[in-house]
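Undergrad: If you're matching positions, the sequence shown starts at 1317 in this note's numbering and goes up one per residue. For each residue, glycine too, the CB sits at the ideal point set by N, CA and C. As the structure is a computational prediction, the values presented were derived from the model and not from experiment.
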Amino acid sequence: MFAPSQLEVRRFFCSTYRKLREGAPLIPMEVIAADWIQEHPEYHAELADEAAALAAVYSVEEGRTNPFLHLSMHLTISEQHSIDQPHGIRQAVDLLAAKRNSLHEAHHAAMDCLGEMIWASQRSGLPPDGHAYLDCVSRKATR
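Following this line, the structure appears as structure tokens:
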């Protein structure tokens, strides 16, 4: 299992954004990341300054969205969708995208469910509950 550090994640997104701006070749994961980076121009300034990005602290009290967490969640959902893991997530995200007329908005709704699953796992000390996550996304798709 790949578990990059916080700094590695930030470097990855900053590097991808730099390559995107320069028109440099991207590896497959960077292509996916670049698509989501382009969907979020509000993060471009932070991605353009790698030194500041590496030092930034995103606390709840600040009320700022952590662009690296947000983009990482987009990548996670994209990967889950591509391999249909947990089984059924592809259909649930597709239904949600159709309902919202936007894959981007479907991802944001699924992020709420993903965040809940991670929070519950951290709080309980139990492994993440993929079934609860899938149920949450499915409910959003069918309501």
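Can you list, in chain order, the residues of its chain whose CB lies under 6 Å from that of Y1359, leaving out five sequence neighbours each side?
TA: These residues qualify, in order along the chain: P1383.
Undergrad: Determine the DSSP secondary structure at H1403, reduced to helix, strand or coil.
TA: In the structure shown, H1403 sits in coil (DSSP, three-state: anything other than H, G, I, E or B).
Undergrad: For my contact list, S1388 and V1325 are in at a C-beta cut-off of 8 Å; report their separation, rounded to the angstrom.
TA: About 6 Å; that satisfies the 8 Å criterion.
Undergrad: Mind the definition here: the stretch 1401-1412 touches the stretch 1435-1443 only if three or more C-beta pairs lie below 8 Å; say whether that holds.
TA: The stretch 1401-1412 vs the stretch 1435-1443: no contact.
Undergrad: Measure the CB-CB distance between A1448 and E1432 and report whether it falls below 9 Å.
TA: Against a cut-off of 9 Å, the Cβ pair of E1432 and A1448 comes out as a contact.
Undergrad: Looking at C-beta atoms only, is the number of pairs between the stretch 1368-1387 and the stretch 1323-1343 that lie closer than 8 Å three or more?
TA: The stretch 1368-1387 is in contact with the stretch 1323-1343.
Undergrad: Can you name, in chain order, every residue of its own chain whose Cβ lies under 7 Å from the Cβ of A1350, other than the five neighbours on each side?
TA: Cβ within range, chain order: T1332, L1336, L1342.
Undergrad: Specify, as a first and last residue, the run of the alpha helix (DSSP H) that P1341 falls within.
TA: Unbroken run through P1341: none, as it is neither H nor E.
Undergrad: Measuring CB to CB, does M1427 end up less than 9 Å from H1390?
TA: Yes; because the gap between Cβ atoms is below 9 Å, this pair is in contact.
Undergrad: Could you check how far apart the C-beta atoms of L1363 and I1393 are, in whole angstroms? I think they sit under 8 Å.
TA: Not a contact, Cβ separation roughly 19 Å.
Undergrad: So is A1371 buried or exposed if we call it buried at 16+ other beta carbons inside 10 Å?
TA: Classification of A1371: exposed, given that the 10 Å Cβ count is below 16.
Undergrad: Considering only residues of the same chain and omitting the five flanking positions on each side of H1397, which have a CB-CB separation below 7 Å?
TA: Here the set comprises I1405, R1406, V1409.
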